[in-house]
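Enquirer: First the structure, then my questions, so here it is.
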Amino acid sequence: MTIYLPIAELSVNIFIILGMGAAVGFLSGMFGVGGGFLITPLLIFYNIPPVVAVATGANQVVASSISGAITHFRRGTLDVKLGTVLLVGGLSGATVGIWIFSLLRRVGQLDLIISLMYVIFLGTVGGLMLLESINAMRRAARNEPPAPRKPGHQHWVHKLPLKVRFKKSKIYLSVIPIVALGFAIGILTSIMGVGGGFIMVPAMIYLLRIPTNVVVGTSLFQIIFVTAYTTIVQAATNFSVDIVLAFILMVAGVIGAQYGVRVGQKLRGEQLRALLGLLVLAVGLRLAIALVVTPADVYSVVMGAGN
Amino acid sequence: MRLLAAVIAFLCLLPVAAGAQWLPGQATETVREGLEIGTSTSEIAITSDFRGADLTIFGALSNTDQLLLAIGQYDVVVVLEGPREDATVRKKERVFGIWVNRRSMTFEAVPHSYSMSSSRGIEDLTTPLDLTDRGIGIDHIPLTPVGFVGDGSNLSEFRQAFLRLQQAGALYDRNTSGVRFVSSNLFKASLRLPANIPNGVHTVRAYLFKSGNFVTEKSLPLRVIKTGIEQTITDAAHGQPILYGCAAVALAVITGWGASLIFRKD
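Chains as they are written, first to last, in the working numbering: chain D, 1 to 307; chain E, 1 to 266.
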């Protein structure tokens, strides 16, 4: 059964889109990630124009992050104050990102930059994740305790001015690195169509030393608003949010996520991270190959003055 | 009855006969052939399950030379030309092993779609120069680059790539046997509308040739409007983009929240 996507301007098989949404939803539930970094490349592989894939991916992430954020809010593992500071950076980053996005689209380099950013980020994060989890598995096999964090170690981040107390997270931290992190993730959201959780969560834990229990909930909180903002701005500037495509992905995604969560609970943390690392690397590799292999046609045509 | 027909035929031929010379293929100033065309509708509504269609255009010739008509010296070309837009052609090149869009050229106001139908191959109708002058035929669409193009050495390369891609995407199409004479003066042309036909005001153009010379042309506007829920969405996305974006977010919020309510464990 085919369905016409009004903004992408092409007909697609609805079952393939449903399957994609369900599979990504399953994985995002299993690994506790938003899934934007999987949805956007998958849509591009399925010949959805990258402009539409990115904007629609951001819209999809809004839906997949909300139920997670609600759960964390109920459990009290969401620091609204910290999330709001992140959000200040995130919204300004997204604004700059959209501007860069439109500029790249105008000069015809958007597709390339999207692919390159995916290759770089997925390659780095996937590689690190895989290494870290393999080390953890080795230690577990040798019955060694995990390496203890050095107490009292003064990190450069803690020497910055403008310190604020975040009661829920039980930390006293400068707002500068928080806003900067939000800003960087905001740019990624608008250019790559991701929530950015796969970068934000490690950055919050290892760079800002924020307690692990509030990290996921707080990052989800900021992701909802940044992706919602990105969706609206993408719709207003690039007219590239495909509501039909987004809706199919969302419905399949939230259902798939429920089953993913159940499977995820049965696996051990380091196994889960190793699998996620492999998956992230595989997507990055697939995009890298597409950049290197000789294209079927070296020419392309874009109609309309706006492009 | 036969007498009446003969009289009418005689009356029709009278102005021709009254010309200075009776020579086939030479029209006198007083009797130029006329061309009229008509479509069954001035507006085409395209539904969401549209997979392309054929458009039939009827036309009539008047003041024709019966002798030339009988030996097939009249030729008709019918074109459906889409709305004009700027088109940018980009070419990828390998840079450090990666394929990158390196060079581009923008052509000014080219038809978004171009479907042509003729009574025979247009190269046989008249000289290539005449076709280029009038912009008839896919290979003769004027492609004027915008801005500075250097020495212009790659102009033809980009033009050819553009025409090839447009034909591969079914937006540019030609049919050299699509025009048929149904009676001596009446013709019928079928044009292919591709599935991805652009919205907007299209132009139907008909050209009449006699013995390899251009005689006259006629044009008609044809509006192509997409309908259905998909079109409503497209209109909303372009007409009310902020509202549309908010709707997309609201839909996501409802879906996400709804799922957390439905699948709540406690």
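Idealized CB from N, CA, C, for every residue including glycine. Every value quoted in this text rests on a predicted model; they were computed, and no experiment measured them.
By the criterion of Cβ-Cβ separation under 9 Å, what are the contact partners of residue 148(E) in chain D?
Expert: By one-based count along the second sequence, residue 148(E) stands at place 148. By Cβ distance, chain D contributes nothing, its closest Cβ being about 16 Å from residue 148(E), past 9 Å.
Enquirer: So what's residue 106(E) in DSSP terms, helix, strand or just coil?
Expert: Within the second sequence, numbered from 1, the residue matching residue 106(E) stands at position 106. Strand, per DSSP.
Enquirer: CB-CB under 6 Å to residue 30(D), same chain, minus the five flanking residues each way: which ones, in chain order?
Expert: One-based indexing of the first sequence puts residue 30(D) at position 30. Here the set comprises 260, 263 and 264.
Enquirer: Using a C-beta cutoff of 8 Å, does residue 241(E) count as contacting chain D?
Expert: Translated into the one-based positions of the second sequence, residue 241(E) becomes position 241. Interface residue, yes.
Enquirer: In this structure, does DSSP put residue 307(D) in helix, strand or coil?
Expert: Position 307 of the first sequence, counted from the first residue, corresponds to residue 307(D). In this prediction, residue 307(D) scores a pLDDT of 42, lower than 50, which makes its location untrustworthy; no coordinate-derived value is stated.
Enquirer: Under 9 Å, CB to CB, which of the residues in the region 89-102 of chain E have a partner in chain D?
Expert: 89, 90, 91, 92, 93, 94, 97, 98, 99, 100 and 101
Enquirer: By the DSSP assignment, the beta strand (DSSP E) with residue 221(E) in it spans what residues?
Expert: Here the question's residue 221(E) lines up with position 221 in the second sequence. Run containing residue 221(E): 213-226, per the beta strand (DSSP E) assignment.
Enquirer: What does the Cβ neighbour count give for residue 27(E), buried or exposed, with the cut at 16 atoms within 10 Å?
Expert: Here residue 27(E) corresponds to residue number 27 of the second sequence, with the count starting at 1. At residue 27(E), the pLDDT of 48 sits below 50, so the modelled position is not reliable and the matter cannot be decided from this model.
Enquirer: Let me know the secondary structure DSSP gives residue 256(E) once reduced to three states.
Expert: In the second sequence, residue 256(E) corresponds to position 256, counting from 1. The answer is helix: DSSP assigns residue 256(E) an H, G or I state.
Enquirer: Is the beta carbon of residue 32(E) closer than 8 Å to that of residue 203(E)?
Expert: Looking up residue 203(E) in the second sequence gives position 203. Looking up residue 32(E) in the second sequence gives position 32. Not closer than 8 Å, so no.
Enquirer: Going by other Cβ atoms of all chains shown within 10 Å of its Cβ, with 16 needed for buried, is residue 40(E) buried or exposed?
Expert: For the purposes of this step, residue 40(E) is identified with residue 40 of the second sequence, where counting begins at 1. Residue 40(E) comes out exposed.
Enquirer: Indicate whether the contact test is met: 3 or more Cβ pairs, each with one atom in the region 3-20 of chain D and one in the region 101-115 of chain D, closer than 8 Å.
Expert: no
Enquirer: Within the 8 Å Cβ cut-off, does residue 307(D) reach chain E?
Expert: Here residue 307(D) corresponds to residue number 307 of the first sequence, with the count starting at 1. Confidence is the limiting factor: at residue 307(D) the pLDDT is only 42, short of 50, which leaves the residue's position unreliable, though a coordinate-based value still follows. By this cut-off, residue 307(D) is an interface position.
Enquirer: Would you report the Cα separation of residue 45(E) and residue 52(D), rounded to the nearest angstrom?
Expert: The residue given as residue 45(E) occupies position 45 in the second sequence. The residue given as residue 52(D) occupies position 52 in the first sequence. Looking at the two C-alpha atoms, the distance is approximately 26 Å.
Enquirer: Note down, in chain order, each residue of its chain lying with its Cβ closer than 7 Å to the Cβ of residue 74(D), except the 5 sequence neighbours on either side.
Expert: What you label residue 74(D) is simply residue 74 of the first sequence in a count that begins at 1. So the list is empty, once near-sequence residues are dropped.
Enquirer: Over what stretch of residues does the alpha helix (DSSP H) that includes residue 81(D) continue unbroken?
Expert: For the purposes of this step, residue 81(D) is taken as residue 81 along the first sequence, with counting starting at 1. In this chain, the alpha helix (DSSP H) harbouring residue 81(D) covers 80-107.
Enquirer: Taking C-alpha atoms, which residue in 158(D), 206(D), 296(D) and 94(D) lies nearest to residue 128(D)?
Expert: Counting from one through the first sequence, the residue named residue 128(D) turns up at place 128. Considering only alpha carbons, the answer is 206(D).
Enquirer: What residues from chain D crowd round residue 238(E), counting only those whose CB sits closer than 9 Å?
Expert: In the second sequence, residue 238(E) corresponds to position 238, counting from 1. 239, listed in chain order.
Enquirer: Would you report the Cα separation of residue 83(D) and residue 143(D), rounded to the nearest angstrom?
Expert: What you label residue 83(D) is simply residue 83 of the first sequence in a count that begins at 1. What you label residue 143(D) is simply residue 143 of the first sequence in a count that begins at 1. Spanning the two alpha carbons is a distance of roughly 37 Å.
Enquirer: Anything in chain D within Cβ reach of residue 133(E), meaning under 7 Å, just list it in chain order.
Expert: Against the second sequence, residue 133(E) aligns to sequence position 133. Going along chain D, no residue has its Cβ under 7 Å from residue 133(E), so there is no contact; the nearest lies around 25 Å.
Enquirer: Let me check one thing: in DSSP terms, what residues is residue 231(D) bridge-paired to?
Expert: As a first step, residue 231(D) must be located in the first sequence, where it is residue number 231. BP columns for residue 231(D) are empty, so no partner.
Enquirer: To test your reading of the DSSP string, which unbroken beta strand (DSSP E) runs of 3 or more residues are found completely within the region 189-270 of chain D?
Expert: Complete beta strand (DSSP E) runs here, min 3: none at all.
Enquirer: Using a Cβ-Cβ cut-off of 8 Å, state whether residue 81(E) counts as contacting chain D.
Expert: Within the second sequence, numbered from 1, the residue matching residue 81(E) stands at position 81. Taking Cβ atoms only, chain D never reaches closer than 8 Å to residue 81(E), which makes this a no.
Enquirer: Starting from the Cα of residue 35(E), find the closest Cα among 153(E), 57(E) and 43(E) and give me that residue.
Expert: In the second sequence, residue 35(E) corresponds to position 35, counting from 1. For the residues 153(E), 57(E) and 43(E), the minimum Cα distance to residue 35(E) belongs to 57(E).
Enquirer: Is it right to say residue 295(D) is buried, meaning 16 or more other beta carbons lie within 10 angstroms of its own, or is it exposed?
Expert: Position 295 of the first sequence, counted from the first residue, corresponds to residue 295(D). It counts as exposed.
Enquirer: Mind listing the chain D neighbours of residue 263(E)? Cutoff is C-beta to C-beta under 7 Å, in chain order.
Expert: Counted from its first residue, the second sequence places residue 263(E) at position 263. Chain D residues near residue 263(E): 258.
Enquirer: Roughly how many angstroms separate the alpha carbons of residue 195(E) and residue 133(E), rounded to a whole number?
Expert: On the second sequence, position 195 is the one that residue 195(E) refers to. On the second sequence, position 133 is the one that residue 133(E) refers to. About 30 Å.
Enquirer: Closest Cβ-Cβ distance between residue 152(D) and chain E: below 8 Å?
Expert: For this step, residue 152(D) is matched to residue 152 along the first sequence. Only weak support is given to the placement of residue 152(D): the predicted model assigns it a pLDDT of 49, under 50, and the question is left unresolved by the model.
Enquirer: Using the three-state DSSP reduction, which class does residue 202(E) fall into: helix, strand or coil?
Expert: Along the second sequence, read from residue 1 onward, the residue named residue 202(E) stands at position 202. Looking at residue 202(E) - three-state DSSP - the assignment turns out to be strand.
Enquirer: For the putative contact between residue 173(D) and residue 159(D), defined by C-beta atoms under 8 Å, what is the C-beta separation to the nearest angstrom?
Expert: Along the first sequence, one-based indexing puts residue 173(D) at 173. Along the first sequence, one-based indexing puts residue 159(D) at 159. Between residue 159(D) and residue 173(D) the Cβ distance is about 11 Å, and since that is not below 8 Å, they are no contact.
Enquirer: Which residues, in order along the region 249-261 of chain E, keep a beta-carbon less than 7 Å from a beta-carbon of chain D?
Expert: Listed by position along the chain: 249, 251, 252, 253, 255, 256, 257, 259 and 260.
Enquirer: Let me check one thing: in DSSP terms, what residues is residue 81(E) bridge-paired to?
Expert: Within the second sequence, the letter at position 81 stands for residue 81(E). Note: residue 81(E) sits in a beta bridge opposite 114(E) and 203(E).
Enquirer: Over the uninterrupted alpha helix (DSSP H) stretch that includes residue 68(D), give me the two end residues.
Expert: Working through the first sequence from its first residue, we reach residue 68(D) at position 68. Run containing residue 68(D): 50-75, per the alpha helix (DSSP H) assignment.
Enquirer: What are the residues in the region 86-102 of chain D lying within 9 Å of chain E by C-beta distance?
Expert: none
Enquirer: Just to confirm, does residue 156(E) get its C-beta within under 7 Å of one of the non-hydrogen atoms of the ligand FMN?
Expert: The ligand FMN is absent from the structure shown, which contains no ligands of any kind.
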